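Sequence positions in the sequence shown follow the working numbering and run -11 to 72. Notes to accompany the following structure.
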Amino acid sequence: MDEQTRRKIVAYLAKQPPIELSFSPLELFVILEILLQTLAVTKIFERQVHFFGIKIIANLNLRYPKVAKVIRAHWISTINSREG
């Protein structure tokens, strides 16, 4: 996506009212897994993406340490397989 399109989308979303989302723990797990898998295979802004992934896992670890451990292991293996 080019920068101009991205700015238009951000400006549009900034004007929208906030929404409340409610996810079950399983749905949240799936969403985070997909997000982290996407981040793990992204090559754009590699350092920022890596930091963002670590931050997500660290926050998840505060509430669901066992889930965070599984996601962290999978995420690291995905990164290693991409680099290998």
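No residue lacks a Cβ here, since even glycine has one placed at the ideal position from N, Cα and C. These figures come from a predicted structure and were not determined experimentally.
Nearest by alpha-carbon distance to residue i: which of the options is it?
i	options	result
Gly41	Gln25, Thr(-7), Leu14 and Lys(-4)	Gln25
Arg51	Ala(-1), Glu(-9), Ala2 and Pro13	Pro13
When burial is assigned at 16 or more other CB atoms within 10 Å of the CB, is residue i buried or exposed?
i	result
Ile(-3)	exposed
Ile64	exposed
Regarding residue i and the ligand FMN, is the C-beta to nearest heavy atom distance less than 6 Å?
i	result
Asn49	With respect to the ligand FMN, the structure offers nothing, as it holds no ligand at all.
Checklist entry - Using 8 Å as the threshold, is the region 38 to 56 in touch with the region 12 to 27, meaning 3 or more CB pairs across them? => result yes
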